[in-house]
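Asks:
4 protein chains.
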Amino acid sequence: MIRVGVYGASGYTGLELLRILHRHPHVQLVFATAQSHAGSALRDVFPVPWDIPLIAEAEADCSTVDVVFCCLPAGKAMETVALAHRHRVRVIDLSADFRLADAQVYTQWYGIPHSAPELLPLAVYGLPELYREQIKHASLIANPGCYPTSVLLALYPLLKEQLLPLDRPIIVDSKSGVSGAGRSPTLRTHFVEANENLSPYNIGRTHRHLPEMEQEIVRLGGPSGQLIFTPHLLPVNRGILSSIYVSVPKTTSIEALHALFCQAYAGEPFIWVLPSGQLATLAHAVHTNRCVLALAQPMPGQLIICSAIDNLIKGAAGQAVQNFNLMFGLDETTGLAV
Amino acid sequence: MIRVGVYGASGYTGLELLRILHRHPHVQLVFATAQSHAGSALRDVFPVPWDIPLIAEAEADCSTVDVVFCCLPAGKAMETVALAHRHRVRVIDLSADFRLADAQVYTQWYGIPHSAPELLPLAVYGLPELYREQIKHASLIANPGCYPTSVLLALYPLLKEQLLPLDRPIIVDSKSGVSGAGRSPTLRTHFVEANENLSPYNIGRTHRHLPEMEQEIVRLGGPSGQLIFTPHLLPVNRGILSSIYVSVPKTTSIEALHALFCQAYAGEPFIWVLPSGQLATLAHAVHTNRCVLALAQPMPGQLIICSAIDNLIKGAAGQAVQNFNLMFGLDETTGLAV
Amino acid sequence: MIRVGVYGASGYTGLELLRILHRHPHVQLVFATAQSHAGSALRDVFPVPWDIPLIAEAEADCSTVDVVFCCLPAGKAMETVALAHRHRVRVIDLSADFRLADAQVYTQWYGIPHSAPELLPLAVYGLPELYREQIKHASLIANPGCYPTSVLLALYPLLKEQLLPLDRPIIVDSKSGVSGAGRSPTLRTHFVEANENLSPYNIGRTHRHLPEMEQEIVRLGGPSGQLIFTPHLLPVNRGILSSIYVSVPKTTSIEALHALFCQAYAGEPFIWVLPSGQLATLAHAVHTNRCVLALAQPMPGQLIICSAIDNLIKGAAGQAVQNFNLMFGLDETTGLAV
Amino acid sequence: MIRVGVYGASGYTGLELLRILHRHPHVQLVFATAQSHAGSALRDVFPVPWDIPLIAEAEADCSTVDVVFCCLPAGKAMETVALAHRHRVRVIDLSADFRLADAQVYTQWYGIPHSAPELLPLAVYGLPELYREQIKHASLIANPGCYPTSVLLALYPLLKEQLLPLDRPIIVDSKSGVSGAGRSPTLRTHFVEANENLSPYNIGRTHRHLPEMEQEIVRLGGPSGQLIFTPHLLPVNRGILSSIYVSVPKTTSIEALHALFCQAYAGEPFIWVLPSGQLATLAHAVHTNRCVLALAQPMPGQLIICSAIDNLIKGAAGQAVQNFNLMFGLDETTGLAV
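Chain order of the listed sequences is F, V, D and L. Numbering-wise (my numbering), the first sequence opens with residue 1 and increments by one. Numbering-wise (my numbering), the second sequence opens with residue 1 and increments by one. Numbering-wise (my numbering), the third sequence opens with residue 1 and increments by one. Numbering-wise (my numbering), the fourth sequence opens with residue 1 and increments by one.
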């Protein structure tokens, strides 16, 4: 049994993580923290029956665990990650704090100085389909953002083959369920405001997931400064669908592109490339750890990729457990719905 | 043109009221207040194009209007109503502050002492189908609550004929859209919490609308202390459906009861008694000022009444304008969707 | 490994059943039938990746399995059940065909003569919390209806103690997600008709689940002919919430009633009696095999019980697997979310 | 009073049209047809109280009216339009039958030969903001499709100024409420399939609205063959949000583009160009005849336009009445919500 601690259990990601860990055959949950609910149990905070005690962060002793999952907000996470690292405990950080390799870029986008920049070089970007080997031996995983997961898995086969021109926009039109906005009540996530509505927000090049996506695109040899990203708040609880528009070489057929995707993801347990003619929908992905991909070619030289995930699972807690499984030598799918 | 002032324009009821008044052919809107949005316009607060300035309450001069609509919260409304009354301005109060005739009962349920009990005897309960004549000459209308509107209109034909036994429960199982909970963000009205969910709350004899309903039931000669009321939060934006279970004399047929309802509401522009065999749904009522009623008899001696309204229209702003039309000698349906 | 066959895999219940069986550690799925999709795979019919072949019923050889689950419609199921029985294969029938002990009552409600009345005495009503011992040795399980599951588990502790008066109505106001209406498109389940709506249907004493509930109530010594049942179509995908109103002895306190429920269900893995003051919501139950119960007392002599289940899991496929686990000597919770 | 006939009253567009006409002060409704509901009343088909008789098409005498609205399906409409034209009755056709100027293109996309190609030159494309003067004198209006309305109004200011390069894609990512798919029940519009889901369909260059949009883009001097159109089925009842990505000259600032839009639509009663920094959402448009536009510039040379309409109003019935008002010399906004 692997001894696990969870920081930040009172959000939707924390709940989803505990739901998975609770059923995971190799996990012994040692502690779960929830600053504003310390002293109560998980079942006082969510409509679930599990009597998991929630403690204050200061009470959590990370020297008693093999790994911690950190579901704290950006800015808060870095301190806890540094603490765990000092205790030589492996960390899977679900926040944004270690996703950007450059501390200055981090500060520019998140408005917070980075208090543990010395750990940034240790952080492995936790997208198993791209970085599986590094993840196995990592001491610190920066678990990807939900939008970046849906987008990078859609672009990876093209980037791998250098098929994206460096001077053309990559247009990403994404739609996310409301759980992606967290559990703190706000006017825009108020039921009456979000229901029967669809709202674009932080569009163009203003959303915090933009530098994360561009960093990875560039790392894979793709274009810099070409990403146009339009997230929308969608009136569903969970799921992200990204419709992605890219230029590809005019001579590359849709059949060749489809074959390329199938090949790039052959054997991947959580990537489902749909047969030609089918399109990915949220229903293909929600409540699973899958990323579902579909292709369509509107005209030679152009490609549409539809990418669907569950934002709380493949986009957060499920991917974190996938990383955990890899880090501890377990079957990658343990505890996760294929 | 009748000069109108609106207090409390930044909630859903205020918006719905301004939407109706904005199209009303006999209304000149003189002012609209919104304490926390003073200085901005309605279109800064809601996704509507109308450039209606929102002012602070202190800036509103009620001596310049013929009538005020008061959409302030319970406890706040009574002061503004008293102020308007001192200026001899007629008032339609959409809060609960003047619905309960007894100030002590008010304090018991709302936890607030009543600062204007001398006005309580002047207040007419603004349910036009029951109190049309009094409304016409009223200086102060206590506009009914949303649940009470749906329930009292369903019970009235039976109460009128003294058909409800005094010793049997009246069971009201109500379901309300989330706009009934107001526009302030809370965890229970957060999209992810309310969507794909259904939650009973304040059930039994604990909801604040209970004494209001019982007061009117008793006033009409019905049973005291027999009301069981179970509201549920329903994942829709608007509408209330109340399913009501009462005992009736065993010898009264469903046909006779249906005829009774049709007769009680003959000529009422906003009451729609469905033909036998049809059942009222939210879709029959939302976006209109209608109350839609349907009857079914499970067995001799028992009756089910289904009652549907739009909580923001017939349950609030629409009924307020219906009262306004009556008070100012206009056609009762002016500006309202029949 | 237990060899399993599934009849009727192309509805929502069939899908949910295959989802559970697919992960069940002791199940070997031998065949799945779907008459109108014979020749295709499950992933051609639903947005799931599993390549489970769907065959015609005539091709299914039930002599090759240890047990069949039958998800066929009423009227169709009885023939298949009889066939399986002739092959001495144990059957879990999710249809209504063997729930009513009296073939005449069946015909009266379902409009179909019963073609296998000789099997009715063998059928055990598959509500494990009431009939666990009989289920273990049954050759034929009549898996309960979704509404009856939510209602009978709510009434059982009272019926067991003979606390329900024989001459007072039992009022059940139920709300069901749309998956309860099946997967065949109809006007009332069309998105635009059901969304933002709430519709009562078949109310009073007209729904087919009424005789099933009354049979079990009477079997437990409760009142006959007193059930009033009002189902509503709720704009959510899954879940049933039943708000139930009964008379109880005036001297029985809510504390005593709560203790009674806790005691009646002590040790039950899938029954969750909420602490006093909390109310059951759909969110407590959906995506699990739980029945969640809460009590409130509006006044002495009256009790409200709120009961929540997932109609496709505890109300159908999950309960079927719970029965399966019991029949084959497995841990009752195997493969099911507690 | 203008005498009006309506063909095809039993769909969502027909209902919305009758809702508007019913309140229109200058309309006398002479007949409404609904082939499969002939002999019943509107209130038997929809949850509305209006006792409007529905007759068979053959019974409708179009010589008794001044204008007909035709809400029949593609292929059916052309015959009725031709009939009305022979009676010298003006026609507002809400189908696709007269939108494409070239009968061959029509046949290619709709798979039906055109039976009245001689009328095509008479048809005016009923987008008042582009063709107001022609509409006033038209005998036949081809009322635009819902998606084209949202897209063309978003592109028009750019096309007018020839700002769109002829060799770059115009990418339109549209999301439509389910009422856009009509009222006939299908699996994809079944509540359980569409709810909590988002589905792209007919993407790229395969949707029937593509040639309609391209025809108008080319007519305005824009690029040919560059439109990429990705519609999605959105889990809401009504509304279309189109997020549109175009290349613009690198030197044109967002301020200049915003000014251009404001100028192009100055005085337009139903176009609302949002202030810089605000984004269009469905909530800005639904239940009104508005088209709401917002701009954002992700980088020099690129522009995002968000365009929101109500698909049943500005995208169908409301625009039809706007055209009607123009044709009969009425104030353009009569009967329509600004």
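For every residue, glycine included, the Cβ atom is placed at its ideal position computed from N, Cα and C.
(1) Determine the burial state of S253 (chain V): buried for a count of at least 16 other Cβ atoms within 10 Å of its Cβ, exposed for fewer.
(2) Could you name the residues of chain V that A283 (chain L) contacts, counting a contact when the two beta carbons are closer than 7 Å?
(3) Determine which residues of the segment 259-290 of chain L have a Cβ less than 8 Å from any Cβ of chain V, and write them out in chain order.
(4) For H404 (chain F), which residues in the same chain have their Cβ closer than 8 Å to its Cβ, ignoring the five residues on either side in sequence?
(5) For E193 (chain F), return the contacting residues in chain D, with the cut-off set at a CB-CB distance below 7 Å.
(6) If we ignore side chains and look at the alpha-carbon of each, how far apart do V192 (chain F) and F191 (chain V) end up?
(7) Against E129 (chain F), what residues of chain D qualify as contacts under a CB-to-CB distance less than 8 Å, listed in chain order?
(8) Excluding five sequence neighbours on each side, which residues of the same chain lie with their C-beta closer than 6 Å to the C-beta of I112 (chain L)?
(9) DSSP state of A283 (chain V), grouped into three classes?
(10) What are the residues of the segment 243-259 of chain D that lie near chain F, defined by any Cβ-Cβ distance shorter than 8 Å?
(11) Would you say H37 (chain L) faces chain A, with C-beta separation under 8 Å as the test?
(12) Could you confirm whether any beta carbon from chain V is found closer than 8 Å to the beta carbon of Q302 (chain D)?
(13) May I ask which residues mark the beginning and end of the alpha helix (DSSP H) holding R219 (chain L)?
(14) Three or more C-beta pairs closer than 8 Å, one from the segment 177-189 of chain V and one from the segment 217-233 of chain F: is that the case here?
(15) Shorter than 8 Å from the beta carbon of R19 (chain L) to some beta carbon of chain D?
(16) In the DSSP output, what is L20 (chain V) paired with across the bridge?
(17) Checking 8 Å against the spacing of the C-beta atoms, do I55 (chain D) and Q302 (chain V) come in under that value?
(18) Between the C-alpha atoms of R99 (chain D) and I92 (chain D), what's the straight-line distance to the nearest angstrom?
(19) Quick check on the burial criterion: 16 or more other C-beta atoms within 10 angstroms. Buried or exposed for K250 (chain L)?
(20) What do you get for L187 (chain V), buried or exposed, if any count of 16 or more other CB atoms within 10 angstroms of its CB means buried?
(21) Am I right that V151 (chain L) and I135 (chain L) are in contact with their C-beta atoms under 8 Å? What's the rounded C-beta distance?
(22) Taking the C-alpha atoms as reference points, what is the distance between A41 (chain F) and T64 (chain D)?
(23) Considering only C-alpha positions, which residue in the set L:A264, L:G14, L:H26, L:A316 is nearest to E161 (chain L)?
(24) Strictly by DSSP, which residues pair up with G204 (chain V)?
(25) Suppose you measure from the CA of P346 (chain V) to the CA of S95 (chain V); what does that come to, to the nearest Å?
(26) Quick check: the Cα distance between F69 (chain V) and A280 (chain L), rounded to an integer number of angstroms?
(27) Runs of 4 residues minimum, wholly inside the segment 248-273 of chain D: which ones carry the alpha helix (DSSP H) assignment?
(28) May I ask you to report which of helix, strand or coil DSSP gives I112 (chain V)?
(29) Taking 8 Å as the CB-CB limit, is E133 (chain F) close to chain D?
(30) By the three-class DSSP mapping on this structure, what secondary structure does S176 (chain D) have?
(31) Do V6 (chain D) and C71 (chain D) have their C-beta atoms within less than 8 Å of each other?
(32) Nearest-angstrom Cα distance between R132 (chain L) and L241 (chain F)?
(33) Assign M1 (chain F) to one of two classes, buried (16 or more other C-beta atoms within 10 Å of its C-beta) or exposed (fewer than that).
(34) Who are the neighbours of A32 (chain V) on chain D, taking C-beta pairs under 7 Å?
(35) Could you list which residues in chain D have their beta carbon closer than 7 Å to that of I179 (chain L), in chain order?
(36) Between which residues of its own chain and G318 (chain L) is the CB-CB distance below 6 Å, once the five residues before and five after are set aside?
Replies: Taking the coordinates as given:
(1) exposed
(2) P47
(3) So the list reads W272, T281, A283, H284, H287, R290, given in the order they occur along the chain.
(4) As shown, chain F starts at 1 and ends at 338. That puts residue 404 (chain F) outside it, with no answer to give.
(5) Chain D residues near E193 (chain F): none, gap ~15 Å exceeds 7 Å.
(6) Taking C-alpha positions only, V192 (chain F) is separated from F191 (chain V) by approximately 8 Å.
(7) Neighbours of E129 (chain F) on chain D: none; closest Cβ ~16 Å, over 8 Å.
(8) G75
(9) Three-state DSSP puts A283 (chain V) in a helix.
(10) none
(11) No chain A is part of this structure, whose protein chains are labelled F, V, D and L.
(12) With 8 Å as the cut-off, Q302 (chain D) counts as an interface residue toward chain V.
(13) 209-219
(14) no
(15) No - not a single Cβ of chain D is within 8 Å of the one on R19 (chain L).
(16) Residue identity differs from the one stated: residue 20 (chain V) is Ile in this sequence, not Leu. Residue pairing by DSSP places I20 (chain V) opposite no residue, since no beta bridge is assigned to it.
(17) no
(18) For R99 (chain D) and I92 (chain D), the distance between alpha carbons rounds to 11 Å.
(19) It counts as exposed.
(20) exposed
(21) The pair is not a contact, with the Cβ atoms about 19 Å apart (cut-off 8 Å).
(22) 48 Å
(23) L:A264
(24) V:F229
(25) Nothing can be reported for residue 346 (chain V), as the shown portion of chain V is limited to 1 through 338.
(26) 31 Å
(27) 254-264
(28) coil
(29) no
(30) strand
(31) yes
(32) 39 Å
(33) exposed
(34) In chain order: nothing, as chain D lies at least about 28 Å away.
(35) Checking the sequence shown, residue 179 (chain L) turns out to be Ser, not Ile. Chain D residues near S179 (chain L): V192.
(36) N289, L336
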